[in-house]
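K.L.:
Sending over a structure as structure tokens; questions will come in a sec.
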Amino acid sequence: MPNKQIAISDAESRVMDVLWQRAPQTSEDIVATLLEPTGWHEKTIRTLLNRLLGKGAVSAQKDGRRYLYTPLLRREVWQQQESRSLLDRVFGGKVAPLLTHFSQHEKLSTKEVAELRKLIDAIEKKGR
-4 MPNKQIAISD AESRVMDVLW QRAPQTSEDI VATLLEPTGW HEKTIRTLLN RLLGKGAVSA
56 QKDGRRYLYT PLLRREVWQQ QESRSLLDRV FGGKVAPLLT HFSQHEKLST KEVAELRKLI
116 DAIEKKGR
């Protein structure tokens, strides 16, 4: 699994999501999954898959007359890269302004607030 940073577009992340849910898959399976919800053409989906292959985010293994695609980029690694990028670009690399923004502009459920409190408690205990 690659540790280097792999930049993927929003559209490419939709293809990755299909593979993160179930892998390996053929390009036909991936196209069938994405065609209706995205409205993309088959060629578009295959182009995105080829871009991901070129970036090293997925691998292709020959299986008879077709290829089976498997994600090499783990979802957790991508999420960490994306969240770090968002924090750096929008909130100066700091978590507190992000949480302040969400608390002021988004409705947090009681469950979400409890989860945040639990997370903050865990962070405080870890820092001691």
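Following the working numbering, the numbering of the sequence shown begins with -4 at its first residue and continues without gaps.
Cβ atoms here follow ideal geometry from the backbone N, Cα and C, with glycine treated the same way.
Bear in mind the structure is a predicted one, so any value in this text is a computation, not a measurement.
(1) If we require 3 or more residues per run, which beta strand (DSSP E) segments fall completely within the stretch 19 to 87?
(2) Is the Cβ-Cβ distance between I25 and L14 less than 9 Å?
(3) Hey, how far is the Cα of E37 from the Cα of T28?
(4) Specify whether the stretch 106 to 114 and the stretch 34 to 53 touch according to this definition: at least 3 beta carbon pairs, one from each stretch, less than 8 Å apart.
(5) Quick one: grab the DSSP three-state call for E107.
P.N.:
To lay it out plainly:
(1) Qualifying beta strand (DSSP E) stretches, in chain order: 53 to 58 and 61 to 66.
(2) As a first step, residue 25 must be located in the sequence shown, where it is residue number 30. As a first step, residue 14 must be located in the sequence shown, where it is residue number 19. Result yes, Cβ atoms of I25 and L14 sit closer than 9 Å.
(3) Position 42 of the sequence shown, counting from 1, holds the residue named residue 37. Position 33 of the sequence shown, counting from 1, holds the residue named residue 28. Cα atoms of E37 and T28: separation of roughly 11 Å, rounded to the nearest angstrom.
(4) Contact between the stretch 106 to 114 and the stretch 34 to 53 is absent, because fewer than three Cβ pairs lie under 8 Å.
(5) Here residue 107 refers to the residue found at position 112 when the sequence shown is read from its first residue. E107: helix per DSSP, three-state reduction.
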